[in-house]
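Okay, structure first, notes after.
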Amino acid sequence: MYDDVSPAKATITSPEYPNPEDVFWVDGVGVYGHFTVDSPSDDVVSYTYGFVGGPYGTVSAERLGAAVTIPYLPLTSGPNWLTVRAIDRSGRSSGESRYEFNVKAGRAPVARWKLDDPAGSRSAVAETGTAARAGTGVTFGGPVPSGTKTSTTVALDGSGHGFLTPDAPATDIRKTFAVSAWVRPAETGRNMTVASQDANGAPGFGLGLRRQDSGSAWSFAIGSARVSGGTPETGEWAHVLGLYDAETAKARLYVNGQEVGTAADAAPAEAAGAFQIGRARGAAGYRDRWQGDIGDVQVHDRVVVPGEAAGLAYRKPKLLGHWSLENATDGASPEQSDGVPLRLGTGASIYRGSDDSCIPDLDPDCTFVPPPLVGDGHLRLDGESGYAAAAGPVVDTRDSFTLGVVVRLADSEPTHPMTVLSQAGEHTDALKVRYVPSTHTWQLVMPEKDEAGAQEKVVSQIAGADGGEGQRLAVVYDDATDTIKLYLDGYTNAQATASLPNGWNSSGALQIGRARAGDGWDEYLHGDVDEVQAYSGALRDRDIPGLGWGTDPCLC
Numbered sequence: 068m069y070d071d072v073s074p075a076k077a078t079i080t081s082p083e084y085p086n087p088e089d090v091f092w093v094d095g096v097g098v099y100g101h102f103t104v105d106s107p108s109d110d111v112v113s114y115t116y117g118f119v120g121g122p123y124g125t126v127s128a129e130r131l132g133a134a135v136t137i138p139y140l141p142l143t144s145g146p147n148w149l150t151v152r153a154i155d156r157s158g159r160s161s162g163e164s165r166y167e168f169n170v171k172a173g174r175a176p177v178a179r180w181k182l183d184d185p186a187g188s189r190s191a192v193a194e195t196g197t198a199a200r201a202g203t204g205v206t207f208g209g210p211v212p213s214g215t216k217t218s219t220t221v222a223l224d225g226s227g228h229g230f231l232t233p234d235a236p237a238t239d240i241r242k243t244f245a246v247s248a249w250v251r252p253a254e255t256g257r258n259m260t261v262a263s264q265d266a267n268g269a270p271g272f273g274l275g276l277r278r279q280d281s282g283s284a285w286s287f288a289i290g291s292a293r294v295s296g297g298t299p300e301t302g303e304w305a306h307v308l309g310l311y312d313a314e315t316a317k318a319r320l321y322v323n324g325q326e327v328g329t330a331a332d333a334a335p336a337e338a339a340g341a342f343q344i345g346r347a348r349g350a351a352g353y354r355d356r357w358q359g360d361i362g363d364v365q366v367h368d369r370v371v372v373p374g375e376a377a378g379l380a381y382r383k384p385k386l387l388g389h390w391s392l393e394n395a396t397d398g399a400s401p402e403q404s405d406g407v408p409l410r411l412g413t414g415a416s417i418y419r420g421s422d423d424s425c426i427p428d429l430d431p432d433c434t435f436v437p438p439p440l441v442g443d444g445h446l447r448l449d450g451e452s453g454y455a456a457a458a459g460p461v462v463d464t465r466d467s468f469t470l471g472v473v474v475r476l477a478d479s480e481p482t483h484p485m486t487v488l489s490q491a492g493e494h495t496d497a498l499k500v501r502y503v504p505s506t507h508t509w510q511l512v513m514p515e516k517d518e519a520g521a522q523e524k525v526v527s528q529i530a531g532a533d534g535g536e537g538q539r540l541a542v543v544y545d546d547a548t549d550t551i552k553l554y555l556d557g558y559t560n561a562q563a564t565a566s567l568p569n570g571w572n573s574s575g576a577l578q579i580g581r582a583r584a585g586d587g588w589d590e591y592l593h594g595d596v597d598e599v600q601a602y603s604g605a606l607r608d609r610d611i612p613g614l615g616w617g618t619d620p621c622l623c
């Protein structure tokens with residue numbers, strides 16, 4: 068058989084995402100679309116396809132000339148399109164067919180209780196859905212996770228009276244849904260439920276924490292499927308989200324915006340009973356009662372995509388200090404917002420750029436004067452006794468924090484390691500960032516314990532010799548994910564990530580240009596330092612490039 072005819076272009080249709088000529092904007096992020104592709108040619112065996120930004124692939128027809136259906140889950144809003152080519156059995160390709168559609172932002176929750184009702188309330192107003200009555204073991208007006216838009220939370224006492232319920236279901240759990248909340252457990256030694264929905268003698272689903280042989284873990288159970296992961300900590304806030312995707316029949320769990328555990332195959336049964344906050348139905352009554360705080364409970368009737376999960380769990384960092392190091396008065400360089408200044412030690416000075424406008428290449432009598440690192444000046448350290456220090460600790464090293472600095476080495480080949488940032492405990496540095504000339508690397512060093520003679524541990528390092536123009540370094544510790552990152556020049560491909568499950572508090576002052584050595588100091592930096600910035604909270608990867616430019620990044 069000889070085939071010299073290419074197949075005809077495919078037609079494309081979608082019931083969920085019609086062409087913009089029919090409906091311009093369509094729901095939406097987190098809602099599956101199904102695109103039926105068909106060519107008039109009767110010898111087509113497959114179709115190649117691609118959406119904007121992916122996925123891309125090839126789907127085979129069940130029989131010669133048969134149409135195919137391609138499922139697609141929009142992860143972002145905005146204009147989108149699908150391109151398709153039909154492939155016949157001789158491998159010939161049709162021309163390209165293009166189908167355009169416009170995706171709306173993800174639709175709002177079908178039920179939401181912000182739990183920000185006034186102290187003394189006996190029910191929780193629903194932003195959407197039905198108001199939830201509260202048992203007498205519920206106390207309104209509680210504390211909130213910092214850096215969020217949550218204004219207050221509720222405390223549940225773990226008793227039979229510690230619950231909230233709208234006395235109605237929140238969603239049909241046989242279809243796609245997601246449930247989420249901010250939570251802070253008062254204990255972690257037993258099973259506790261954040262949210263559930265009643266079925267016959269058992270919860271249709273349950274989101275909470277579960278005690279296991281290996282310790283407690285966050286858990287999302289639906290039907291006979293269970294996903295577990297992450298480590299609950301007593302008195303620590305976490306954002307938890309359970310998702311059932313009916314299209315893939317998978318259950319997933321997100322903790323602090325990151326997927327944890329392994330997605331599980333799930334087959335939920337009907338659960339038409341009441342939605343519960345703080346307890347789960349058992350054969351003999353309610354059980355697994357929550358003890359601790361809960362805030363902003365949301366239920367969606369669609370997929371909450373990974374970017375949205377991260378957004379729900381986002382905690383905006385708070386600026387603790389920004390030192391531009393452009394001037395000093397009485398031996399102290401001010402903080403931009405009149406906070407604690409950095410006091411300069413001997414061997415440290417503020418360098419200001421020269422007003423001389425001559426050009427060395429054109430004027431033989433002109434002496435080259437290096438420009439300031441950022442702005443009008445920077446801190447200059449002599450490598451022998453020069454340093455700058457705050458009056459005490461700036462960041463809490465037990466909790467999430469971010470430190471940024473710009474540094475330029477004075478020597479192309481230093482003879483010993485030099486520290487640019489450190490913050491000490493009682494006996495040793497809780498952290499330090501140093502340059503090691505033997506390996507031409509920047510290292511983040513954190514000993515495991517605050518003990519005299521504790522062995523230093525290099526938790527991450529990045530190769531990067533200073534080219535003379537200065538380098539931007541940042542350290543980000545995320546207590547929610549137990550990770551710490553060292554960044555170089557703000558690029559996400561120049562970072563080193565390490566696990567840090569147990570950060571310890573440092574009581575010593577923030578030091579610029581030196582490190583702790585027994586009862587004294589060592590590793591003095593010979594070079595220039597500028598734009599020291601400190602935050603409580605972990606800046607995201609996309610925020611890091613904004614550090615070190617004289618202004619603070621927009622944490623949007």
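Quick note on my numbering: the sequence shown kicks off at 68 and runs consecutively. Ideal Cβ positions, reconstructed from N, Cα and C, are used throughout, including at glycine. This structure is a prediction, so every number in the text was calculated from the model and none was measured.
On the criterion of 16 or more Cβ atoms from any shown chain inside 10 Å, does residue i qualify as buried, or is it exposed?
i: F272; result: buried
i: L131; result: exposed
i: Q522; result: exposed
i: E375; result: buried
i: L323; result: A quick correction: the sequence has Asn, not Leu, at residue 323. Burial call: buried.
i: E536; result: exposed
i: M513; result: buried
i: E393; result: buried
i: Q365; result: buried
i: Y454; result: buried
i: W571; result: exposed
i: Y69; result: exposed
i: D608; result: exposed
i: H228; result: exposed
i: P620; result: buried
i: Y84; result: buried
i: R382; result: buried
i: S286; result: buried
i: R419; result: exposed
i: W304; result: buried
i: T255; result: buried
i: P146; result: exposed
i: V72; result: exposed
So residue i packs on residue j, CB below 8 Å; how close in whole Å?
i: S391; j: G492; result: So it is not a contact: roughly 28 Å between Cβ atoms.
i: R447; j: D595; result: 6 Å
i: D363; j: A235; result: About 20 Å; that fails the 8 Å criterion.
i: P408; j: G575; result: Not confirmed; about 17 Å, so no contact.
i: G290; j: A245; result: Contact flag wrong, Cβ pair sits at about 16 Å.
i: A330; j: A318; result: 7 Å
i: T464; j: L498; result: 6 Å
Given a cut-off of 7 Å on the beta-carbon distance, is the pair residue i and residue j in contact?
i: G624; j: L567; result: Residue 624 lies beyond the range of the chain shown here (68 to 623); nothing can be said about it.
i: Y544; j: S467; result: yes
i: S164; j: V151; result: yes
i: P484; j: E590; result: yes
i: G208; j: A186; result: yes
i: D496; j: S489; result: yes
i: V526; j: A565; result: yes
i: T243; j: V177; result: no
i: A563; j: Q528; result: yes
i: G268; j: A199; result: no
i: V307; j: V250; result: yes
i: R539; j: V473; result: yes
i: P270; j: S283; result: no
i: T136; j: H101; result: yes
i: S106; j: P74; result: yes
i: A201; j: L231; result: yes
i: T80; j: T103; result: yes
i: P252; j: Y602; result: no
i: P141; j: V170; result: yes
i: L274; j: G296; result: no
Does any residue of chain D have a CB that is nearer than 7 Å to the CB of residue i?
i: H306; result: Included in the structure is just one protein chain, with no chain D present.
Measuring CB atoms only, is the region 387-403 touching the region 339-357, in the sense that at least three cross pairs come out at less than 8 Å? In short, these stretches do not touch, since the Cβ pair count stays below three.
Residue ranges of each beta strand (DSSP E) within the region 526-587, 3 or longer: List check, beta strand (DSSP E) in window: 538-545, 550-555, 562-566, 577-579 and 582-584.
Decide if the region 260-269 is in contact with the region 351-358; the criterion is three or more beta carbon pairs, one per stretch, under 8 Å apart. At 8 Å Cβ cutoff, the stretches touch.
Assess, as a yes-or-no matter, whether the region 366-375 is touched by the region 92-102 under the definition of 3 or more beta carbon pairs within less than 8 Å. Yes, the region 92-102 touches the region 366-375.
Okay, do the region 192-199 and the region 212-222 touch, 3+ Cβ pairs below 8 Å being the bar? Output reads no: the region 212-222 does not touch the region 192-199.
Using 8 Å as the Cβ pair cut-off and three pairs as the minimum, do the region 80-93 and the region 118-127 touch? Between the region 80-93 and the region 118-127, the count of Cβ pairs shorter than 8 Å is below three; the stretches do not touch.
Suppose only complete runs of 3+ residues qualify. What are the beta strand (DSSP E) ranges in the region 151-238, listed by chain order? You should have 164-170, 178-180, 199-201, 205-209 and 220-224.
Counting only runs of 3+ residues fully inside the region 96-151, write out the beta strand (DSSP E) ranges in chain order. Here the runs fully enclosed are 100-105, 111-118, 123-127 and 135-139.
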